[in-house]
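Undergrad: The opening position of the sequence shown corresponds to residue 3 in the working numbering, with each subsequent residue numbered one higher. Just so you know, even glycine gets a beta-carbon here, dropped at the ideal spot from N, CA and C. Treat the numbers as computed from the prediction; the structure is a model and nothing was measured. I have a structure I would like to understand better, so I am pasting it below and will then ask my questions one at a time.
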Amino acid sequence: MADDPVRVGAPYVAGASGNERLHRRLHALETLLAEQRSRIARYVTDRSALAQDPVPGARTPPRPLSLPEIPTWELLDALPLPVMVVLPERGAKGSVTGFSYMGQNAAAWDYCVHRFPPERLPPRTGAAPLFELFPTLGDTVVPRMLAEAHRTGRPQGPEAAEWSLPGHGEGTVRLSGEVRVAPCAGVLLLTWERGSSARRSRASQHLVRVSWVDWNLGDGSVEASAELRDVLGLPGRQPPPGLLELARMVVPTSVLPLYRAVRAVLLREQEVAECELRLPPPYNRIVRFVAEPVGPGGGPVWTVRAVLHDVTEDRRSRALAERAVAEARAQRERADTVAEVAERLRKAVLPSLPAELARHGIETSVSYHAEAPTVRVGGDWYKTRVLPTGQVLVAIGDARGHGLDAVTLMAKLRYALTGLAFTGEPVELLTSWLNAVACDDGDESTATAVVGHYSPDLGLLRWTCAGHPQPVLVHGRRARRLDPPPGGPGLPLGVLPDEKYVAAETFLDPGDMVLLYSDGLVEHRASDPDRDAERLLRAAETYAHDGIPPGDEALDAYVRDVVHHLTGPHPGDDSTLLAFRRIRTEHGGC
């Protein structure tokens, strides 16, 4: 029953169609207005009858009344608006040759006293050429209005006029107003509204898209400000709508709120009632309707006075903002989901370094940073593991791209290498197999890698390079790039399925350290790769100058210092630095 128009009109029928509900609501409003019109008519009839049928003896027979003579200036001074009396000047043939100032009323004098410098005050009364007294007034609409009022005998205006007078020193007094001219007994009364408040009111309504309207229920007339047409989107000559016509203009869902607001006003249930109205094409408006009752204290409401505010752009902006917030929230939720998946994947594919490496004569440390702060995992990968042969697998790689696509390829390559390494085959063959995995993954699945076997008993590192930056050897306080395998580095993984890879051999002394890194650690936009590598060599030597004490903590600190030196606090790309250092084992070997 929530949609049932209150008390008036046909009852609500469950299951009624939209058109039936709309018809009932419009009928309810029509009935409500008709009943109010009847109340007003009865009230006026009763009051008229009371005035025509007084209580016997309550009044004495009326005496004949006559209007006393009122001096002209006293009459003009009683008016609250400024009035200037202007006399047309006639030539020999009776035509108007000019206009003379004859005086002004008290309101006009007060206006002048507060605005004109004393030496510029016109006489309160007394004849003077109007446009000699006020020269700039001749450049306004006033001369035309005076001539037209004299010629036609009809009032002119209102029209806006602005003029000025010299002020104190070099100052100028600016005057503005809405001017009217009315002919009266051979003279012209020039009046103006101070400050053009009516014009400013209209301008203010236009700027904020507000209008007022009075719906007079007794006779059905409508009085409205000119801005109502803009607020409702009415064609230029369409008259302002009545309340019932307004209800027919709005969308069906706005009829009931309008009915309830009008009913609350007519029955004085609320001092102010308001609702929001939506107007469909061709109007395309959303209007805030705020109404109050107008009528005698002891009688019925005979006028609904309302302010209508066009809030279309506000509502559209709010809707866009709400959609943007909802989309941002959805994107954040998606990002959180991706981040959660990626974090689990990161922990799975980038685990901590195995503790047993130290028993095989190696200390290791790694720094890993992904470009996307929410995902926290990218295309870089690394792997260290003790193999059943006693050798240590040391590898680093960089899958093409960023985000989950790169993560997917990275995971495939890393897990493939982990399994392939247990075959005991040399690194050349492992790298070729890894290349086949990348080729089978698709045309876009390319990656770079360095794959190495370290033999603790020999201190020998055998390594291959598939398009990846060459490792760096730190020996004492000096750093250099390792010589590439014979024939140079091989192609990146996933480029050619039958690519063959050759291994390089590097012997490590106790304390020697090898740095494996991804290009994101050193690359800058529009920079030279050789210069980028030189930056790493300088940083490696700088932080090795005073020696690197034994132990994992010292090695971790060294890696952090080198990375921070190269990338700063906010790296711009995926970057990885894997350091491993040969140490003496507890058995006395190297």
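Would the segment 555-564 count as touching the segment 423-431 if we require 3 or more Cβ pairs under 8 Å?
TA: Taking 8 Å as the limit for Cβ pairs, the verdict is that the segment 423-431 does not touch the segment 555-564.
Undergrad: Alpha carbons only, please: which of R44, G220, R117, P254 is nearest the one belonging to E22?
TA: For the residues R44, G220, R117, P254, the minimum Cα distance to E22 belongs to P254.
Undergrad: Rounding to the nearest angstrom, what Cα-Cα distance links R126 and T99 in this structure?
TA: Roughly 24 Å between the two C-alpha positions.
Undergrad: Can you tell me whether A449 is buried or exposed, with buried defined as 16 or more other CB within 10 angstroms of its CB?
TA: Counting Cβ neighbours within 10 Å, A449 comes out buried, since at least 16 surround it.
Undergrad: Work out the CA separation of F582 and A465 for me, nearest whole Å.
TA: Inspection of the sequence shows that residue 465 is occupied by Trp rather than by Ala. When rounded, the distance between both Cα atoms is 14 Å.
Undergrad: Out of curiosity, what's the CA-to-CA distance linking A341 and S457?
TA: In a straight line, the C-alpha of A341 is about 38 Å away from that of S457.
Undergrad: Threshold first: 3 residues or longer. Then list the beta strand (DSSP E) segments lying entirely within the segment 198-262, N to C.
TA: Whole beta strand (DSSP E) segments, 3+ residues: 212-218, 224-226.
Undergrad: Taking the C-alpha atoms as reference points, what is the distance between G222 and R117?
TA: C-alpha separation (whole angstroms): 45 Å.
Undergrad: Count the other C-beta atoms from every protein chain shown that fall within 10 angstroms of the C-beta of P13, then say buried if there are 16 or more, exposed otherwise.
TA: Confidence at P13 is low in this model, with a pLDDT of 36, below 50, so the placement of that residue is unreliable and no value is reported for it.
Undergrad: Would you mind sorting F291 into buried or exposed? The rule is 16 or more other CB atoms within 10 Å of its CB.
TA: Burial call: buried.
Undergrad: Where does V394 land, buried or exposed, given buried means 16+ other C-beta within 10 angstroms?
TA: V394 comes out buried.
Undergrad: Note down, in chain order, each residue of its chain lying with its Cβ closer than 6 Å to the Cβ of L484, except the 5 sequence neighbours on either side.
TA: Q472, P473, L475, T508.
Undergrad: Between the beta-carbon of V264 and the beta-carbon of P242, is there less than 8 Å?
TA: It is not a contact, given that the beta carbons lie outside the stated cut-off.
Undergrad: Enumerate in chain order the residues of its own chain whose CB-to-CB distance from K385 is below 7 Å, with the five nearest sequence positions on each side excluded.
TA: If we look at K385 and ignore the five residues flanking it on each side, its Cβ neighbours are L395, A397, R416, L419, T420.
Undergrad: With DSSP as the reference, identify every bridge partner of M147, one or two as the case may be.
TA: DSSP, once it has assigned bridges, lists no residue as partnering M147.
Undergrad: How big is the Cα-Cα spacing for V313 and L281?
TA: Using only the alpha carbons, I get a separation of about 12 Å.
Undergrad: Taking the alpha-carbon of M251 as reference, which of Q158, L279, A275, R262 has the nearest alpha-carbon?
TA: Here the closest residue by C-alpha is L279.
Undergrad: Helix, strand or coil for F118, going by three-state DSSP, please let me know.
TA: F118: coil per DSSP, three-state reduction.
Undergrad: How many angstroms separate the CA atom of T154 from the CA atom of E37?
TA: Going from the Cα of T154 to the Cα of E37 covers about 46 Å.
Undergrad: Cα separation between L462 and Q333?
TA: If you take the alpha carbons of L462 and Q333, they lie about 50 Å apart.
Undergrad: How many Å lie between L135 and A228 at the Cα?
TA: Distance between the alpha carbons of L135 and A228: 36 Å.
Undergrad: Under 8 Å by Cβ, that's how I've got P499 and A438 pegged, so tell me the actual separation to the nearest angstrom.
TA: Correct: roughly 6 Å between the Cβ atoms.
Undergrad: Considering Cα atoms alone, identify which of L190, D442, V343, V212 is closest to V87.
TA: Of the listed residues, the one whose Cα sits closest to V87 is L190.
Undergrad: Suppose you measure from the CA of V10 to the CA of T33; what does that come to, to the nearest Å?
TA: Its pLDDT being 35, under 50, V10 is placed unreliably in this model, and the coordinates cannot settle the point.
Undergrad: Beta-carbon separation of E164 and L148 under 8 Å?
TA: No, these two residues do not count as a Cβ contact at 8 Å.
Undergrad: Just how far apart, CA to CA, sit G591 and T339?
TA: Any reading at G591 must be qualified, since the residue scores a pLDDT of 47, below 50, and its modelled position is unreliable; no value is offered.
Undergrad: Below 8 Å CB to CB, which residues in the same chain sit around P157 once its five sequence neighbours on both sides are set aside?
TA: Once the five neighbours on either side are set aside, the close Cβ partners of P157 are A151, R182, V183, A184, P185.
Undergrad: Quick check on the burial criterion: 16 or more other C-beta atoms within 10 angstroms. Buried or exposed for A16?
TA: Any reading at A16 is ruled out, since the residue's pLDDT is 43, under 50, leaving its predicted position unreliable.
Undergrad: The beta strand (DSSP E) that contains V87, what's its start and end?
TA: It spans 85-92 - the beta strand (DSSP E) in which V87 sits, taken as one unbroken run.
Undergrad: In angstroms, rounded to a whole number, what distance separates the CA positions of P7 and R49?
TA: With a pLDDT of only 33 at P7, under the threshold of 50, the placement of this residue in the model should not be trusted; the figure read from the coordinates follows. One C-alpha to the other measures close to 32 Å.
Undergrad: Tell me, to the nearest whole angstrom, how far the beta carbon of P494 is from that of V504; I am working on the premise that it is less than 8 Å.
TA: So it is not a contact: roughly 15 Å between Cβ atoms.
Undergrad: With 16 other CB atoms within 10 Å as the buried threshold, where does E365 fall?
TA: Classification of E365: buried, given that the 10 Å Cβ count is 16 or more.
Undergrad: With a 10 Å radius around its C-beta and 16 neighbouring C-beta atoms as the bar for buried, classify T74 as buried or exposed.
TA: Exposed, by the Cβ-count rule.
Undergrad: Under a three-way DSSP split, which group does Q333 fall into?
TA: Note: Q333 maps to helix in three-state DSSP.
Undergrad: Is it true that the CB of A401 sits closer than 8 Å to the CB of L411?
TA: For L411 and A401, yes; Cβs fall inside 8 Å.
Undergrad: If you count every other CB in all the chains shown that lies within 10 Å of the CB of H455, and 16 or more means buried, which is it?
TA: With 16 or more other Cβ atoms within 10 Å, it is buried.
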